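One structure is given here, and the rest of the page talks about it.
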Amino acid sequence: MKKIFAGLFLAGTFALASAQTISFDKTVYEYGNVPVGADGHRIFIIKNTGDKPLIISRTQASCGCTTPEVTKDPIMPGKTAELKVGYDTKIVGPFTKIIEVYSNDAENSRSVITIKGNVGEASATIAPQTAIKTEAKLMSTPQTMKVAPAAKKATAKKLQAL
């Protein structure tokens, strides 16, 4: 009887040791500074480092501004698949979003990856003091404007008509 239990225990141990295992090329993707409206799609590589097919059952982003896309086909042992993550770059400002990846990996059925970055143009960001100084300088500096001779005649005729 002890031999039967020992055999079942050993078989169970081997079954768990030989399973599908999920791994990523990176768990954080740094976008850096991104212009407004730029392509917000990035790729994570998922690899099955186990010896049984890995199945991604679903992906879930932390908000609607992030869209993950991955194949529903099993990832065979030693093979890879792309997880395409899109971020809405019309939303200006810094962002940190997580994407949850659910799979049949017995030890890591829920994996979390992160995207980070900042949307906005660096040249469009002006300190308020600079903007006020620039506006004050423009208002205090007399401006002259050259008018073409034909425009002078047209303006003079309009003034005479009044």
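If you want my numbering, it's the 1-based position in the sequence shown plus 444. The beta carbon of each residue, even a glycine, is placed where N, CA and C say it ideally should be. As the structure is a prediction and not an experimental result, all values here were calculated from the model.
Ordered list of beta strand (DSSP E) runs contained in the stretch 505–532, each at least 3 residues: Listed in chain order, they are 510–514, 524–531.
Element boundaries [beta strand (DSSP E), containing Ser555]: Unbroken beta strand (DSSP E) run through Ser555: 554–563.
CB contact check: Thr503 to chain B, cutoff 7 Å: Here there is only one protein chain, and chain B is not present.
Distance between beta carbons of Gly537 and Glu474, contact taken as under 8 Å: Beta-carbon to beta-carbon, Glu474 and Gly537 are separated by about 16 Å, too far to satisfy the 8 Å threshold.
Residue range of the unbroken beta strand (DSSP E) whose run includes Asn477: In this chain, the beta strand (DSSP E) harbouring Asn477 covers 472–478.
Beta-carbon contacts of Val478 that lie in its chain and below 6 Å, excluding the five residues immediately before and after: So the qualifying residues of the chain are Thr533, Gly561, Val563.
CB-CB length for Ala505 against Ile543, believed under 8 Å: Yes, they are in contact, since the Cβ atoms of Ala505 and Ile543 sit about 5 Å apart, within 8 Å.
Per DSSP, the bridge partner or partners of Val545: Bridge partners of Val545: Thr503, Ser555.
Spatially closest choice to Met520 from Gly530, Val529, Glu513, Ile500, by CA coordinates: Closest option to Met520, Cα to Cα, is Ile500.
Neighbourhood of Cys507 by C-beta, 8 Å cutoff - its chain only, sequence neighbours within 5 removed: So the qualifying residues of the chain are Lys541.
Counted within 10 angstroms of its Cβ, other Cβ atoms place Gly494 as buried (16 or more) or exposed: Buried, by the Cβ-count rule.
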